[in-house]
Amino acid sequence: MDINESSPLLVQLMNSGQFCDFEIVCEEEVFKVHKAIVCFQSPVIEAALKDWKEAETNILRIDSFDTVTVKRMIEFLYTGEYQVNLEERDAQSLSTIQDERRITIPQSLLNRPDDDDVMAGLQPNISSKQTAVLQHHIHVNAIADYFNITKLNQLSVSKIQHILQTNWSAVAFCGVVQEALGSTSDKQLHELVASAAAEHIRELIELDSFSDLESMSTFAINVLRGCDKRIQKLETDLAYTKMELHADLTDQKSLLQQETARAGHIIDNVEKCLRVLSRTESCCNGTCNAEFSCYIEQHGRVVEPLYTLRCAVGITRQTRS
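Each residue of the sequence shown is one higher than the one before, counting from 1 in the UniProt record's numbering.
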């Protein structure tokens, strides 16, 4: 069984702290955990418990992250999943979140609504609450990057990507992009942020909150605006060219239909002549005694027939012999 697969036993161990063999301490909040579960997934924590001072005390202190983020990391290590709980975040100001958290793991850890349910229930002030959800996932990504927990990195990025694709908000994006670039070195997250910005660049460059980002200089913004103008012109030119090509294609189709119809009429007329010729052995003028001594033979494909003029006398003689 994958250690990240949710198991009632692992959940019970996480909630009860039974048989724990080391502790994680964050903002004086103590989390009792198990080396076999945690170290297996984090080579950084494993190294700390082997070679650092934590090896003697079996206590790992985390000062760079708040208790909410640490709790989500532990939740993932035991269940393979983590959930967003905005009530935890809203209890304190987002601006002081890393200095004021004091949260413990509840027994109903796995019974909270998932990100989709949280986002579906956001009615008022959706941008600020969406910013809070995105910040939460970015904090999780940062701690996963710090402790080299690869699967947690991937999971947090997938959650962020889902929000950006299904509940896009330029205001919310601007509220977290700087933190996403500055708090974690995860290349996958950085590429996702860059891709989202490129996809919505026309909307973003109109926002002062995007232009005022530390990572965006005045020169960079001007370059982006210049690129956007060029793109708009190219789109206009492309649309005009598309219209011209469509008109030309319509004309060509009309000509082709006319030529096809004309060719069909010609073939019909020739076939009528063949049928008349095959039934005629002499001139229709009663005073003319001349004998029709040739015929036209049709062969080849139906759609592209070929015609050969043959001597009727030779065929008649061969038949008589």
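Note that the Cβ used here is the ideal one computed from N, Cα and C, for glycine as well. It should be emphasised that the depicted structure is a prediction, and the values quoted were computed from it without experimental measurement.
Inclusion of residue 251 and residue 186 in the CB contact set at 7 Å is not warranted, their separation being larger than that value.
Across the set 160, 181, 159 and 54, the C-alpha of 181 shows the shortest separation from the C-alpha of residue 214. Nearest Cα to residue 128 within the set 171, 261, 153 and 141: 171. Under the 10 Å beta carbon count, residue 38 is surrounded by 16 or more other beta carbons and is classified as buried.
According to DSSP, residue pairing for residue 150 in a beta bridge does not occur. Short of 6 Å from the beta carbon of residue 211, and not among the five residues preceding or following it, lie these beta carbons of its own chain, in chain order: 221. The beta carbon of residue 308 lies closer than 6 Å to those of 297 in the same chain, with the five residues before and after it left out.
Assignment of residue 39 by DSSP, reduced to helix, strand and coil, places it in the coil class.
Sequence-distant partners of residue 54 (beyond 5 residues in either direction) whose C-beta falls short of 6 Å from its own C-beta, in its chain, are 48 and 60. Per the Cβ contact rule, the segment 239-248 is not in contact with the segment 201-210 (fewer than 3 Cβ pairs under 8 Å). Closest in alpha carbon position to residue 71, among 231, 24 and 10, is 24. Put simply, the backbone Cα of residue 161 is about 10 Å away from that of residue 155.
The secondary-structure analysis by DSSP pairs residue 77 with nothing; it has no beta-bridge partner. Rounded to whole angstroms, the separation of the alpha carbons of residue 195 and residue 233 is 22 Å.
Between residue 243 and residue 143 the beta-carbon gap is near 53 Å, outside 8 Å, which marks them as no contact.
Scanning 76, 247 and 58 for the CA closest to the CA of residue 11 turns up 76. A residue is called buried once 16 or more other Cβ atoms fall within 10 Å of its Cβ, and residue 66 is buried on that count.
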